[in-house]
Amino acid sequence: MAATVEFNNVHSVSEMPEEDGAKQSFHPRMFLEPQEKKRSMKALVVKQAKKTCSCTPAKVKDCVFNLLPVLQWLPKYKLKEYLLGDLMSGLIVGVLLVPQSIAYSLLAGQEPIYGLYTSFFASIIYFIFGTSRHISVGIFGVLCLMVGQVVDREVQRAGYDLEPAALRVHAEAVTYINTTSSPVNQTSHHPFCDKSCYAITVGATMTFIAGVYQVAMGFFQVGFVSVYLSDSLLSGFVTGASFTILTSQAKYLLGLDIPRSNGIGSFVTTWINIFRNIHRTNFCDLITSLLCFLVLIPSKELNEHFKSRLKAPIPVELAVIVVATLTSHFGKLRENYGSSVAGHIPTGFLPPRPPDWNLIPSVALDALPIAIIGFAITVSLSEMFAKKHGYTVKANQEMYAIGFCNIIPSFFHCFTTSAALAKTLVKESTGCRTQVSGLLTALVILLVLLVIAPLFYSLQKCVLAVITIVNLRGALRKFKDLPKMWHLSKVDTVIWLVTMASSALISTEIGLLVGVCFSMLCVIFRTQRPEAPLLGWVAESETYESLSAYKNLQTKPGVMVFRFEAPLYYINKECFKSTLYKQTGVNPVWVKAAKKKAAKRMVREKEVDSRGKLTSISMELVPEPLGFHTIVIDCCAMQFLDTAGIRALKEVCKDYGEIEVQVLLAQCNPSVRSSLIRGEFFKEGEDHLLFHSVHQAVDFALGAWEHNRSCASKN
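Residue numbering for the sequence shown follows my numbering, starting at 563 and increasing by one per position.
What follows is the structure, encoded as C-alpha cells:
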C-alpha cells in the first residue's frame, strides 16, 4: 500500500479531462514496485549463524588464506622478476632503519636495543599478515612520542627518580639481564628491575592493549572510525606532534639534564625549562649537533633533489652514526667533556615475557588514540600505494596485520609500530615489488642485533636527536602548502591549523580529540547553513542549474525552482524555511497575516459605508500579486530527512497552499521517499505532488496552471 500511496500522487496533466481542445502536455505515469524487505530478524540471525558456524574444507582454506595472505602470494613469487628490486629496497630500508630505530627509542623513553627489536619483529610479522606490497611497517615518530609520554608518567608514578634519560649505561650483560625483571613498585615485586626495565614494561603493556584494540576493530569491522580522521586532520596532527618531538629532543642537542615535561602544556613547559638551564649547555654536544645538522640537512636535500637519478638514496644517517661513534670513542668525549652516550647495547634476544596485567587499567585509555592513529595511517598508506600500483588491499586484514604487529612483539620487549610514510617512499623508489623486501630488512636488523649493536656504545645521544629532528622536515614543510590548501578548501585549512596548534600547545592526545571534534563541527556547520539557490532552465535541455552560478539561464513564468543542498533535519530546518522564504521573496505567514488585516479593514470600511458615510475602500493593505503560482523543490541533494525535516516540509506545503501556491517535490531518492511515506506526508485528499525530475514537475505546473485558467475563464 505504501508504494501505491506514493506513486498515485505522481500525476500527469494528461489525466485531467480535456476541455475544448485545451493544450496539455503528456507525461506517462511511472510506477515503481519496491523490493520486498525481509523483516524477520530471527530468520536473518539464524541464516547468519548457519553461515558463520558452518565448517567445510573450502571455508577453512579460505579462512586460513585470508588470515595469512603470505600463503597466497608467496607461491606465485616471480624470482627473476621480483628478487632484485626486493633485495635492493630491503637492504637500503634496513640500513636506514637501524639509526632511526636507535634514535626513536630515545623518543619513546626506551633503550636502543628495544627499537631494534621493534623494527625486526614488525617487519617479519607484517610480511606474514599484511596485504600491501609496498608499505614499510616499523617505528613511527608520532607514536613513539605518545608512547614516551605515557612511559614517563608511569615511571614517575612508580616512584623512580626523574632523571631525564631513559637510556642507562650497563657495564655488564648480567646487569642488563637483571633489568628485564619486574620493578619494585605498586604493581610488581621483583627486586632487580630498574627504571629502564620498568619503562619497557609500560611500553610493551600499552603496545599489547593497542594491538588488542586494532584486532577488535578488525573483528567487528569498525574501520569506519578512520573516516573521522581526514587527510587535513591527520596532517595537522602529525605536524603538531612534530613540534612536540622537536621540543623533546632539544635538550639532547644542548646536552642538558632536565626532566621531560608531560601532560597539558608540556610544549611550553619544556621550553621554559630549557631556557632556564641554557647556561648549563654542554658545548661538546652542541658542536656535535651543529656539525651533524650541517651534514645531514644538505645531504637529505640532495637525496630528494636527485632521487630520480639515484638508484638508491645515499645512507647519510648511517655514515654520520659511524663517524660520530668513532670520534666519540677515540676522542673520549664522555670521559673528557661529559657528553651523554647511548651506552651498552647487548647482542642477542631476551626471553619473551608477558605484559604486566596490573598496568592495563593505567594505560588502557592511553592506548586507544595510539591504536586509532596507527591503523588509520597504515590503512590509508596501504590503500594509497595499492591504487598507485594497480592492486587491491583488504582494509580489514590490514587492521589485523597491524594489530598482530603490536600484540606479538609486545611479548618480546617491543613498543608500538605502524606504517611510516618516509620509509615507505624509500622502499617504493628503490624497486620494491613485494613484502619479501620487508623480510630482507629484518635480516639487516638481525645482523645488527647479533653482531654490530655493541659497537654503538660511544654514540652520543645528541646525534640520535639530530637524526630524529632531521626526519621531521616532511611534516614541518606542510606550512609551505598552506596557501594552496587555503585556495582549495578554507575549511580543511582551518581544521589543519586547529589540530596542529592543539596537538603542539596542549597535548598530542587532546589535540587529536580537538581535531576530530572540530572537524565534525565543521560538517555540522556546513549542513546547518548549506547552499540553497534558485534554479534556472538550460535552453534546449531538461537540465536546471543555479541562477547564481551560471549565466544565460531561463526561468519559467509563474514557477520557481529551489534546491536545498544538504540533508533536511532538526539542525537546519529553520534555515531551510528562512532561505526558501528569502529566495522566493514571499513569506507565506506574513502574506496570510497581511490578508487577514486587509480583510478586517475592508469589513470595517463596509460597515462605515453602510451607515451612509461615503468612503472609498482602502486597498493599501491588500497584498500585491505574488508573481508565481508554483514552487518546485529539487530534493536531489537531500540525503535523508528526520521527523523535524518532514514536519518542516509539511508546514511549507501547508503555508504556501493557504496563499494558493502549490509546492511540488522532485528528484527525491528512495530514502527520502520512504521517510515521507512513513511520516504521512501524502494524505488522502491532499494534492501533494512528487516527481522524478525537475523538468517533469515544471511542465506539470505550467500545464496545470493553463488548465485552471481556461476552466476559470469559461466559468
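Ideal Cβ placement from N, Cα and C applies to all residues, glycine included.
All values derive from a computational prediction rather than experimental measurement.
What are the boundary residues of the alpha helix (DSSP H) that Ile690 is part of? Per DSSP, Ile690 belongs to the alpha helix (DSSP H) from Pro674 to Phe691.
Under 8 Å, do Ala766 and Ser972 count as touching if we go by C-beta distance? A Cβ-Cβ contact shorter than 8 Å links Ala766 with Ser972.
Contact between the region 660 to 680 and the region 1003 to 1011 is defined here as three or more beta-carbon pairs at a separation below 8 Å; is this criterion met? Judged by Cβ distances under 8 Å, the region 660 to 680 makes contact with the region 1003 to 1011, as three or more pairs qualify.
For Ile1193, does the three-state DSSP call read helix, strand or coil? In the structure shown, Ile1193 sits in a strand (DSSP, three-state: E or B).
Cα-Cα separation between Val1013 and Asp928, rounded to whole angstroms: Distance between the alpha carbons of Val1013 and Asp928: 36 Å.
Thr1205 classed as buried or exposed, judged by whether at least 16 other C-beta atoms fall within 10 angstroms: Exposed, since its Cβ has fewer than 16 Cβ neighbours within 10 Å.
Assuming Phe683 and Ile1072 make a contact with CB atoms under 8 Å, what is their CB distance in whole Å? 31 Å between Cβ atoms; not a contact.
If you pair each beta-carbon of the region 1058 to 1073 with each one of the region 695 to 703, do three or more pairs fall below 8 Å? In this structure the region 1058 to 1073 does not touch the region 695 to 703; the number of beta carbon pairs closer than 8 Å is below three.
By the 10 Å Cβ neighbour count, where 16 or more other Cβ atoms means buried, how is Gln634 classified, buried or exposed? Taking a 10 Å sphere around the C-beta of Gln634, we find fewer than 16 other C-beta atoms and assign the residue as exposed.
What are the residues that DSSP puts in a beta bridge with Phe1253? Its beta-bridge partners are Ala1228.
Residues near Phe805 in its chain [Cβ-Cβ closer than 6 Å; skip 5 each side]: So the qualifying residues of the chain are Ala1066.
Alpha carbons only, please: which of Ala1063, Leu1226, Val1194 and Gln1022 is nearest the one belonging to Phe845? Among Ala1063, Leu1226, Val1194 and Gln1022, the Cα nearest to that of Phe845 belongs to Gln1022.
Have a look at Lys862 and Leu1115 and give me their C-alpha separation to the nearest angstrom. Computed Cα separation, rounded: 56 Å.
Where does Ala1111 sit, in a helix, a strand or coil, going by DSSP? Assignment of Ala1111 by DSSP, reduced to helix, strand and coil, places it in the coil class.
Reference Leu1001, options Pro631, Cys617, Gly652 and Lys642, closest by Cα: Comparing Cα-Cα distances from Leu1001 to each of Pro631, Cys617, Gly652 and Lys642, the minimum goes to Gly652.
Sort Leu987, Ile932, Pro1119 and Pro908 by Cα distance to His1191 and report the nearest one. Answer by Cα proximity: Pro1119.
How would you write the range of the alpha helix (DSSP H) that Gly993 sits in, first residue to last? In the DSSP assignment, Gly993 falls outside any alpha helix (DSSP H), carrying neither H nor E.
Flag this pair as touching only if the region 980 to 995 and the region 643 to 663 have three or more C-beta atom pairs under 8 Å; answer yes or no. Counting Cβ pairs under 8 Å, three or more are found: they touch.
How do the region 953 to 965 and the region 795 to 815 stand: do at least 3 beta-carbon pairs fall below 8 Å, yes or no? No, the region 953 to 965 does not touch the region 795 to 815.
Between His1257 and the rest of its own chain, which residues show a CB-CB distance below 6 Å, the 5 nearest in sequence each way excluded? When the five nearest sequence neighbours on each side are left out, the beta carbons in the same chain lying within less than 6 Å of the beta carbon of His1257 are those of Glu1104, in order along the chain.
Would you mind working out which of Leu943, Ser797 and Thr1117 sits nearest Gly1077, comparing C-alpha positions? Out of Leu943, Ser797 and Thr1117, Ser797 has the C-alpha closest to the C-alpha of Gly1077.
Helix, strand or coil for Leu646 per DSSP? Assigned with DSSP and collapsed to three states, Leu646 falls in helix.
Thinking just about the alpha-carbon of each residue, which of Ile840, Leu1109, Ala665 and Gln711 is nearest to the one in Val882? Of Ile840, Leu1109, Ala665 and Gln711, the residue nearest in Cα terms is Ala665.
Tell me whether the beta-carbon of Leu669 lies closer than 8 Å to the beta-carbon of Thr1030. Result yes, Cβ atoms of Leu669 and Thr1030 sit closer than 8 Å.
Please name the residue, chosen from Asp819, Arg1091, Ser901 and Phe691, that lies closest to Tyr1019 on a Cα-to-Cα basis. Nearest C-alpha to Tyr1019: Ser901.
If we call anything under 8 Å between Cβ atoms a contact, is Arg995 one with Asp648? By the CB criterion at 8 Å, Arg995 and Asp648 fall inside the cutoff.
Given a cut-off of 8 Å on the beta-carbon distance, is the pair Met540 and Ile1239 in contact? In the structure as shown, the chain begins at 563 and stops at 1277. Residue 540 is therefore absent and cannot be evaluated.
Using only the alpha-carbon positions, how far apart do Gly825 and Ile807 sit? Between Gly825 and Ile807, the alpha-carbon positions lie close to 14 Å from each other.
Quick check: Val925 and Glu673, are their CB atoms within less than 8 Å of each other? The answer is no: Cβ separation not under 8 Å.
Which residues share a DSSP beta bridge with Gln1116? Looking at the DSSP assignment, Gln1116 forms a beta bridge with Trp1099.
Quick check: the Cα distance between Leu707 and Pro1095, rounded to an integer number of angstroms? Spanning the two alpha carbons is a distance of roughly 48 Å.
Measuring only the C-alpha atoms, how far is Ala938 from Leu1252? Ala938 and Leu1252: Cα-Cα distance of roughly 43 Å.
I need the straight-line Cα distance from Cys967 to Thr979, nearest angstrom please. If I take the Cα positions, the gap works out to 7 Å.
Determine the extent of the beta strand (DSSP E) in which Met1082 is found, giving its start and end residues. Per DSSP, Met1082 belongs to no beta strand (DSSP E); it is in the alpha helix (DSSP H), Thr1070 to Gln1090.
Selected residue, minimal CA-CA separation from Ser1237, among Lys1212, Glu1220, Val1223 and Ala1259: The shortest Cα separation from Ser1237 among Lys1212, Glu1220, Val1223 and Ala1259 belongs to Lys1212.
Measuring alpha carbon to alpha carbon, tell me which residue in Val1151, Ile932, Cys976 and Gly1147 is nearest Ile687. Closest by C-alpha distance to Ile687, out of Val1151, Ile932, Cys976 and Gly1147, is Cys976.
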